[in-house]
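Undergrad: Just so we're aligned: 0 in numbering that gives the first Met the number 0 is position 1 of the sequence shown, and the numbers increase by one with no gaps anywhere.
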Amino acid sequence: MDPTLSLFAETGAYLKGHFRLTSGLHSPEYLQCALVLQHPQYAESLGQAMAARLQVSENGTTNTKPDTVVAPAMGGLMIGHEVARALGTRSIFTERDADGKMTLRRGFTIRPGERCVVVEDVITTGGSTKEVVDLLRSLGAEVLAAGSIIDRSGGQADVGVPRVALVSMQVTAWKPEACPLCAEGVPVVKPGSRPGSQPEV
């Protein structure tokens, strides 16, 4: 088994059931990165592995070292910090405002020309990462690449910059109206956002 997926299995982070993903899609599988990242030694090793991949381009040459790692909150916070530590750069994060728009808060700023990479825990459609890439570009940053621990799109998600993942897999996902588990009446769970992650009614 892939070393990264072994960590998910070991920590009980590879879940099966009926889940509503951040993208709104429904899936019978869920990878709960927080259950892996709660262990500092695993977070550190995953951060080092992603940092190494982010520094090598598709043709095998070393990319320019970024100035800053930027992660969308909440999922990207821990892995973004560990990637930044491995790269020897600063780590900041974006948050959604009251209108749901991705933004920088807490005094974080980006200088024009600043070299950034965007780091997330899991990519499904790539929507959150793409929002961060667009935000950074609107502030004048040079976005070198994006990375995630897990790529659920099987390499299909387009975030507007070169992208790497420690694990790429094609996981079944449905629109809610086409979800067979919903049709069977199986309660749907939105994991990770609230203690206990209760089924939705």
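Note that CB positions come from ideal geometry on N, CA and C, so glycine has one too.
Ordered along the chain, which non-local residues of its own chain (more than five positions away) have a Cβ less than 6 Å from that of Thr10?
TA: One-based indexing of the sequence shown puts residue 10 at position 11. So the qualifying residues of the chain are Leu34, Val35.
Undergrad: Are Val160 and Gly146 close, meaning C-beta to C-beta below 7 Å?
TA: Position 161 of the sequence shown, counted from the first residue, corresponds to residue 160. Position 147 of the sequence shown, counted from the first residue, corresponds to residue 146. Their beta carbons are not under 7 Å apart, which means Val160 does not touch Gly146 by this criterion.
Undergrad: Reducing DSSP to helix, strand and coil, say where Phe7 ends up.
TA: Counting from 1 along the sequence shown, the entry for residue 7 is found at position 8. Note: Phe7 maps to helix in three-state DSSP.
Undergrad: So, under 8 Å CB-CB, Leu143 and Val116 are touching, yes? Tell me the CB distance rounded to an integer number of Å.
TA: Working through the sequence shown from its first residue, we reach residue 143 at position 144. Working through the sequence shown from its first residue, we reach residue 116 at position 117. With 8 Å as the limit, Leu143 and Val116 qualify as a contact, their Cβ atoms being about 5 Å apart.
Undergrad: Give the range of the beta strand (DSSP E) segment to which Ala146 is assigned.
TA: Along the sequence shown, one-based indexing puts residue 146 at 147. One point to set straight first is that residue 146 is Gly, not Ala, in the sequence displayed. Gly146 -> beta strand (DSSP E) spans 141 to 150.
Undergrad: Measuring only the C-alpha atoms, how far is Pro190 from Ala72?
TA: As a position in the sequence shown, residue 190 is number 191, starting the count at 1. As a position in the sequence shown, residue 72 is number 73, starting the count at 1. One C-alpha to the other measures close to 15 Å.
Undergrad: For Asp1, I'd like the list of residues in its chain whose CB is within less than 7 Å of its CB, leaving aside the five on either flank, ordered along the chain.
TA: Here residue 1 refers to the residue found at position 2 when the sequence shown is read from its first residue. So the list reads Val166, once near-sequence residues are dropped.
Undergrad: Grab the span of the alpha helix (DSSP H) containing Thr128 for me, first residue to last.
TA: Working through the sequence shown from its first residue, we reach residue 128 at position 129. Note, Thr128: alpha helix (DSSP H), 126 to 137.
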